[in-house]
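Have a look at the structure below, then the notes.
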Amino acid sequence: MERIQSNVLYWLVEHPVVKEFEWKEGETWGSSPRFVATTLIAYTSVTAFLYKISISSKSPPAKTPPSSPSTTSFLHLFSAFHSLLLVILSTLMTVGCTLSTFAQKPNNHWLFCFPSNETPPRGPVFFWTYVFYLSKISEFVDTLLILLSKSKRRLSFLHVYHHSVALVGIYMWLQTSQSLIPFGVITNSSVHILMYTYYMLCALGKRPWWKRLVTDVQILQFILSFLVSFGMLWYHFTGKGCSGFGSWCVSAFISGSLLFLFYDFHTKTYAKGSEKRADYGGKENRI
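For the sequence shown, the residue numbers in full-length UniProt numbering are 1 to 287.
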């Protein structure tokens, strides 16, 4: 057991690639504002284009012919595989960032407040934040799966907005060495373990009873993010300041807007008598 723990610690925290990682704007892949802008423009443009095609291909008087069994089976298998990969990746990010946080923190104060102008974006915590950042691009596949399933009702403003602002927000975390990064990576990755496990089971034809729990924990993470922010704000205004405060303000706005949208989704989806209708024929609702 001790050898296993030692190997896990080495590969997730002490390996040179992890331990010596440093985010450098313009040098690290994906670190430029142009990259973020181009990625978001491509994502929203392709989404809008495919969504328009899915609507225009449907003549009003007739129903869209069902997809062939082979196509449907392939999409389900691909969706299950994609979800499985993200379950594994989310687990690695959760464990990796947790171990890295305890290995890198100089004191407990650091958990809430990175010292202003004294916290360069380097080390294992920032490595896992970078992996977390890149994982948000891979999650764009969720949107493609919805569009290919020809179930346009499941593509919501919340879905597209959520994926878009997540990429921007995490880019700012890295760019400004924003305080509370460990909390954000660990909690969101933990939620995604549950969420993508649910998606995977749905793609395999299962209907987990805990669908509502997925939305509940997503809402809970935003509430918790505001609660821990009080600790950061205390240290910021009573001390020498915390790194990335301006970025935190933007993140707080993003979290607040997502909390509102998720709560609205929760209310409409799980209102009395509406939960069954929200399943859309038993398919998972990717948000």
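We put the CB at the ideal spot given by N, CA and C, even for glycine. These numbers were taken from a predicted model, which means no experiment stands behind them.
Cβ-Cβ separation, residue j to residue i (assumed contact under 8 Å), whole Å
i, j, result
"S189", "F114", "Not really, about 19 Å apart at Cβ, beyond 8 Å."
"S116", "C242", "6 Å"
"P182", "E22", "Their Cβ separation, rounded to whole angstroms, is 17 Å, which puts P182 and E22 out of contact at 8 Å."
"V228", "L180", "6 Å"
"Y133", "Y171", "6 Å"
"T94", "I186", "6 Å"
"A203", "S73", "The Cβ separation is near 10 Å, so there is no contact."
"residue 343", "L40", "Outside the shown range of the chain (1 to 287) lies residue 343, about which nothing can therefore be said."
Proximity below 7 Å, CB of residue i to CB of residue j
i, j, result
"I193", "S90", "yes"
"G169", "I55", "no"
"Y270", "R212", "yes"
"F140", "Y199", "no"
"V18", "P106", "no"
"F222", "L167", "no"
"F112", "M1", "no"
"R286", "I137", "no"
"L148", "G96", "no"
"T197", "T47", "no"
"F245", "H236", "yes"
Terminal residues of the alpha helix (DSSP H) in which residue i lies
i, result
"P124", "P124 to S138"
"L147", "V141 to L148"
"F114", "No alpha helix (DSSP H) contains F114, which DSSP labels as neither H nor E."
"Q5", "E2 to L9"
"L180", "Premise fails: L180 is in no alpha helix (DSSP H) and is neither H nor E."
"A48", "P33 to S56"
"W173", "F157 to T176"
Buried or exposed by the 16-neighbour rule on C-beta atoms within 10 Å, applied to residue i
i, result
"T64", "Residue placement at T64 is flagged as unreliable, the pLDDT there being 49, under the threshold of 50; a coordinate-derived value is accordingly withheld."
"T71", "exposed"
"Q5", "exposed"
"D216", "exposed"
"G230", "The displayed chain sequence assigns Phe, not Gly, to residue 230. That one is exposed."
"S59", "Unreliable placement is indicated for S59, whose pLDDT of 48 sits below 50; the coordinate value is still reported in the next sentence. S59 should be labelled exposed."
"D264", "exposed"
"P61", "Residue placement at P61 is poorly supported in this model, since its pLDDT is 47, which falls under 50; the coordinates are not used for a value here."
"T38", "exposed"
"R34", "exposed"
"S45", "exposed"
"V8", "exposed"
"W173", "buried"
Collapsed DSSP secondary structure at residue i in the structure displayed
i, result
"C242", "strand"
"E22", "strand"
"P120", "coil"
"E27", "coil"
"V234", "For the record, residue 234 in the displayed sequence is Trp; it is not Val. W234: helix per DSSP, three-state reduction."
"H15", "coil"
"Y270", "coil"
"L224", "helix"
"R207", "coil"
"R286", "coil"
"N108", "coil"
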